[in-house]
Amino acid sequence: MTAIRADDISKDFGEVRALDGLSLTVDPGELFGLLGPNGAGKTTTIQLLTGQIVPDAGKAEVLGVDPAVEPVEVRRHVGILPEQVSPPSFLTPREYFDFVGTV
21 MTAIRADDIS KDFGEVRALD GLSLTVDPGE LFGLLGPNGA GKTTTIQLLT
71 GQIVPDAGKA EVLGVDPAVE PVEVRRHVGI LPEQVSPPSF LTPREYFDFV
121 GTV
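For the sequence shown, this note's numbering assigns the number 21 to the initial residue and increments by one for each residue that follows.
Written as C-alpha coordinates, this is what we have:
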(Lines of atoms letter the chains of each structure in order from A and count residues from 1; the text may use other names and numbers.)
(Lines give C-alpha, C1' and ligand atoms only; values in the text may rest on other atoms or scores of the structure.)
Protein backbone atom coordinates (compact mmCIF):
# COMPACT_ATOMS: atom_id res chain seq x y z
CA MET A 1 0.00 0.00 0.00
CA THR A 2 1.22 3.51 -0.76
CA ALA A 3 1.03 6.28 1.81
CA ILE A 4 -0.31 8.81 -0.72
CA ARG A 5 -1.50 8.30 -4.26
CA ALA A 6 -2.99 10.91 -6.56
CA ASP A 7 -4.11 9.94 -10.04
CA ASP A 8 -4.74 12.84 -12.42
CA ILE A 9 -6.55 15.00 -9.83
CA SER A 10 -7.86 18.40 -10.88
CA LYS A 11 -9.76 21.14 -9.09
CA ASP A 12 -11.41 24.28 -10.40
CA PHE A 13 -12.67 27.25 -8.43
CA GLY A 14 -15.02 28.97 -10.80
CA GLU A 15 -13.03 29.73 -13.93
CA VAL A 16 -9.68 29.25 -12.17
CA ARG A 17 -8.01 25.87 -12.49
CA ALA A 18 -6.15 25.51 -9.19
CA LEU A 19 -4.87 21.99 -9.87
CA ASP A 20 -4.47 20.44 -13.30
CA GLY A 21 -4.02 16.68 -13.54
CA LEU A 22 -1.64 16.06 -10.62
CA SER A 23 -0.36 12.49 -10.28
CA LEU A 24 2.05 11.41 -7.56
CA THR A 25 2.90 8.50 -5.32
CA VAL A 26 4.51 8.68 -1.88
CA ASP A 27 5.61 5.39 -0.33
CA PRO A 28 5.44 4.67 3.40
CA GLY A 29 8.47 6.10 5.20
CA GLU A 30 9.36 8.38 2.29
CA LEU A 31 10.01 12.05 3.03
CA PHE A 32 8.18 14.19 0.49
CA GLY A 33 8.09 17.96 0.07
CA LEU A 34 5.48 19.88 -1.86
CA LEU A 35 7.17 23.03 -3.14
CA GLY A 36 6.16 25.68 -5.64
CA PRO A 37 5.34 29.34 -6.12
CA ASN A 38 2.14 31.00 -4.95
CA GLY A 39 -0.78 29.71 -6.98
CA ALA A 40 0.91 26.41 -7.88
CA GLY A 41 -1.78 24.30 -6.18
CA LYS A 42 0.01 23.25 -2.98
CA THR A 43 -2.80 24.22 -0.60
CA THR A 44 -5.42 22.79 -2.94
CA THR A 45 -3.50 19.50 -3.04
CA ILE A 46 -3.34 19.30 0.76
CA GLN A 47 -7.04 20.14 1.03
CA LEU A 48 -7.89 17.39 -1.47
CA LEU A 49 -5.67 14.83 0.29
CA THR A 50 -7.24 15.60 3.68
CA GLY A 51 -10.84 15.57 2.50
CA GLN A 52 -11.48 19.25 3.06
CA ILE A 53 -12.52 19.57 -0.60
CA VAL A 54 -13.21 17.00 -3.31
CA PRO A 55 -11.52 16.84 -6.71
CA ASP A 56 -13.42 17.71 -9.87
CA ALA A 57 -11.54 14.93 -11.65
CA GLY A 58 -9.20 12.10 -10.75
CA LYS A 59 -8.83 10.10 -7.58
CA ALA A 60 -6.69 10.28 -4.45
CA GLU A 61 -5.90 7.83 -1.65
CA VAL A 62 -4.21 8.31 1.69
CA LEU A 63 -3.22 5.02 3.36
CA GLY A 64 -5.64 3.24 1.04
CA VAL A 65 -8.58 5.50 1.93
CA ASP A 66 -10.28 7.90 -0.48
CA PRO A 67 -10.40 11.29 1.31
CA ALA A 68 -13.38 12.41 -0.79
CA VAL A 69 -15.39 9.42 0.49
CA GLU A 70 -14.02 8.96 4.04
CA PRO A 71 -12.42 12.26 5.13
CA VAL A 72 -12.73 11.55 8.85
CA GLU A 73 -10.84 8.26 8.49
CA VAL A 74 -8.05 10.01 6.58
CA ARG A 75 -7.81 12.76 9.22
CA ARG A 76 -7.35 10.15 11.95
CA HIS A 77 -3.93 9.47 10.43
CA VAL A 78 -2.92 12.88 9.10
CA GLY A 79 -1.70 16.01 10.85
CA ILE A 80 -1.73 19.43 9.24
CA LEU A 81 0.56 22.24 10.29
CA PRO A 82 -1.24 25.41 9.20
CA GLU A 83 0.65 28.10 7.36
CA GLN A 84 1.97 30.81 9.64
CA VAL A 85 4.49 33.59 9.11
CA SER A 86 6.79 32.08 11.72
CA PRO A 87 6.51 29.93 14.82
CA PRO A 88 6.65 31.70 18.18
CA SER A 89 10.25 32.72 18.83
CA PHE A 90 10.18 31.35 22.38
CA LEU A 91 9.69 27.75 21.14
CA THR A 92 12.27 25.49 19.57
CA PRO A 93 11.15 23.75 16.34
CA ARG A 94 10.64 20.51 18.29
CA GLU A 95 8.58 22.27 20.96
CA TYR A 96 6.47 23.90 18.24
CA PHE A 97 5.75 20.56 16.54
CA ASP A 98 4.89 19.01 19.90
CA PHE A 99 2.57 21.92 20.65
CA VAL A 100 0.80 21.73 17.27
CA GLY A 101 0.47 17.97 17.60
CA THR A 102 -1.39 18.24 20.89
CA VAL A 103 -3.88 20.97 19.89
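For each residue, glycine too, the CB sits at the ideal point set by N, CA and C.
Among GLY59, ILE24, LEU83, the one whose alpha carbon lies nearest that of SER43: Stepping through the sequence shown from its first residue, residue 43 is reached at position 23. Of the listed residues, the one whose Cα sits closest to SER43 is ILE24.
Could you tell me whether the segment 91-101 touches the segment 69-81, where touching means 3 or more Cβ pairs closer than 8 Å? Contact holds between the segment 91-101 and the segment 69-81, because three or more Cβ pairs, one in each stretch, are under 8 Å apart.
Specify, as a first and last residue, the run of the beta strand (DSSP E) that GLU81 falls within. Within the sequence shown, numbered from 1, the residue matching residue 81 stands at position 61. For GLU81, the enclosing beta strand (DSSP E) has its first and last residue at 77-82.
PRO57 versus VAL120, PHE119, ALA38, residue with shortest Cα-Cα distance: Taking the sequence shown and counting its residues from 1, one reaches residue 57 at position 37. For PRO57, the nearest C-alpha among the options comes from ALA38.
Whether or not the segment 72-85 and the segment 110-120 are in contact is what I'm after, with contact meaning three or more pairs of Cβ atoms, one per stretch, closer than 8 Å; do they touch? No: the two stretches stay apart, fewer than three of their Cβ pairs being nearer than 8 Å.
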